[in-house]
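Asks:
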Amino acid sequence: MYQEERLIGIMEFLQVHHRVSIENICELFDISRDTARRDIIKLEEQGHILRTRGGAILPTLSRTIANYNERLHDQATTNSKRAIGQLAASLLHDGDYLLLDASTTVQSAAEQIRTKDHVVVTNSIDIASILNQKENIAVHLLGGMLHPEHRFIYGARALSNLKDYHVHKLLLGTCAITEDGITDPYEEEGYITKEMMRRSDQVILLADHTKFGKKHFHRISGLDRIDILITDREPEDAMKETLLKHQIDIMIAKGDTEI
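In numbering that gives the first Met the number 0, the protein residues as written are 0 to 258.
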């Protein structure tokens, strides 16, 4: 077997077990310890793994995310986002005051809002544009700096604006969720999200299954600040147990949806 084939096999093993030892690699591919070590070194040079004593693990910290348009048109999660968005929109009542963050899943919820007489505060230029085309919705777009790649507004002015508001519900997306809470790769966006959570009576987190088990640089909140989680699959047992321990209402959005 060529090294390239073994490297693929090691990564597949890690995707399932999250950790691999030198002994595992030797048994899997019937190779020597020296050859197994060279494979691990190669994977680390490629940035795929972190070497540990006697083996390797997958990095727990995700360093980058796709830009807004790439996430918006990701075919692998389009149906899930639509289902999650529709279920989130169904939780709204006429006259709710809302905060909507700048996530693509929250954008899907905004597209499917059928209730009326809302007052909405958002830091998303895309969501503001979508809601501006709906009747009986007043839109407040936060001022500040615009992130060109991820299309959210942030900065001191945005934070100052947020402190003047209080709403019934926050629809919040996330890049990463673990038993420790939710995280974000961008501090600037994280500060806005934290303030949004402080300004809301109810926090509704929208996260498809691909967000679970990931961790980013900046911690936004523990799970204790989340009231409802809407996702597309049942979380793994350990994660589900932690969510229920925090008394989070888990709602599963399944299947294709139609408006």
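C-beta: ideal position from N, C-alpha, C; glycine also.
Fair warning: this is a prediction, and the values are worked out from it, not measured in the lab.
Bridge partners for L140 per DSSP, in chain order?
Replies: Taking the first residue of the sequence shown as position 1, residue 140 is located at position 141. Partner(s): T121.
Asks: In terms of residue numbering, what span does the alpha helix (DSSP H) encompassing M195 cover?
Replies: Here residue 195 is taken as the residue at index 196 of the sequence shown, counted from 1. Segment 186 to 197, the alpha helix (DSSP H) holding M195.
Asks: Would you list, in sequence order, the uninterrupted alpha helix (DSSP H) runs of no fewer than 4 residues that lie entirely inside the segment 15 to 60?
Replies: You should have 21 to 28, 32 to 44.
Asks: Are the segment 2 to 12 and the segment 32 to 47 in contact at 8 Å, needing three or more beta carbon pairs?
Replies: Result yes; three or more Cβ-Cβ pairs closer than 8 Å.
Asks: Would you call the CB atoms of Q85 and A252 closer than 8 Å?
Replies: Position 86 of the sequence shown holds residue 85. Position 253 of the sequence shown holds residue 252. Result yes, Cβ atoms of Q85 and A252 sit closer than 8 Å.
Asks: Looking only at its own chain, which residues have a Cβ that is under 6 Å from the Cβ of L140, when we skip the five neighbours before and after it?
Replies: By 1-based counting over the sequence shown, the position of residue 140 is 141. Within the same chain, L140 has close Cβ partners A127.
Asks: I112 by DSSP, collapsed to three states: which one?
Replies: Within the sequence shown, the letter at position 113 stands for residue 112. In the structure shown, I112 sits in coil (DSSP, three-state: anything other than H, G, I, E or B).
Asks: What are the start and end residues of the alpha helix (DSSP H) that includes G94?
Replies: Stepping through the sequence shown from its first residue, residue 94 is reached at position 95. Counting along the chain, G94 falls outside any alpha helix (DSSP H), and DSSP gives it neither H nor E.
Asks: Could you name the residues that DSSP lists as bridge partners for S220?
Replies: As a working note, residue 220 is residue 221 in the sequence shown. Paired residues: I181.
Asks: Compare the beta carbon distance of L219 and K244 with 8 Å and say whether it is the shorter of the two.
Replies: The residue labelled residue 219 in the question sits at position 220 within the sequence shown. The residue labelled residue 244 in the question sits at position 245 within the sequence shown. Per the sequence presented here, residue 219 reads as Ile, with Leu not at that position. No, the Cβ-Cβ distance between I219 and K244 is not below 8 Å.
Asks: With DSSP run on the structure shown, which of helix, strand or coil describes T256?
Replies: Taking the first residue of the sequence shown as position 1, residue 256 is located at position 257. Reliability of the predicted coordinates at T256 is poor, the pLDDT of 43 falling under 50, and the value obtained from them is presented with this limitation in mind. The answer is coil: DSSP assigns T256 none of H, G, I, E or B.
Asks: CB K115 to CB D100, shorter than 8 Å?
Replies: By one-based count along the sequence shown, residue 115 stands at place 116. By one-based count along the sequence shown, residue 100 stands at place 101. Cβ atoms of K115 and D100: not closer than 8 Å.
Asks: Quick check: the segment 209 to 226 against the segment 173 to 185, are at least 3 beta-carbon pairs closer than 8 Å?
Replies: With a cut-off of 8 Å, the segment 209 to 226 and the segment 173 to 185 count as touching, because enough Cβ pairs lie within range.
Asks: By the DSSP assignment, the beta strand (DSSP E) with T230 in it spans what residues?
Replies: By 1-based counting over the sequence shown, the position of residue 230 is 231. 227 to 230 is the span of the beta strand (DSSP E), which, as asked, contains T230.
Asks: Quick check: the Cα distance between L171 and C25, rounded to an integer number of angstroms?
Replies: Locating residue 171 in the sequence shown gives position 172, counting from the first residue. Locating residue 25 in the sequence shown gives position 26, counting from the first residue. Approximately 45 Å between the Cα atoms of the pair.
Asks: On a CA-only basis, which of A109, A237, D33 is nearest A137? Give me that one, please.
Replies: Your numbering for residue 137 matches position 138 in the sequence shown. Closest by alpha carbon: A109.
Asks: Please state if the CB of V166 and the CB of L57 are separated by a distance shorter than 8 Å.
Replies: Position 58 of the sequence shown, counted from the first residue, corresponds to residue 57. Position 167 of the sequence shown, counted from the first residue, corresponds to residue 166. No, the pair does not count as a contact, with Cβ atoms beyond the cut-off.
Asks: Less than 8 Å between the CB atoms is what I'm expecting for N122 and I83, so what's the real figure, rounded?
Replies: Counting from one through the sequence shown, the residue named residue 122 turns up at place 123. Counting from one through the sequence shown, the residue named residue 83 turns up at place 84. Actually they do not touch by this definition, with Cβ atoms about 20 Å apart.
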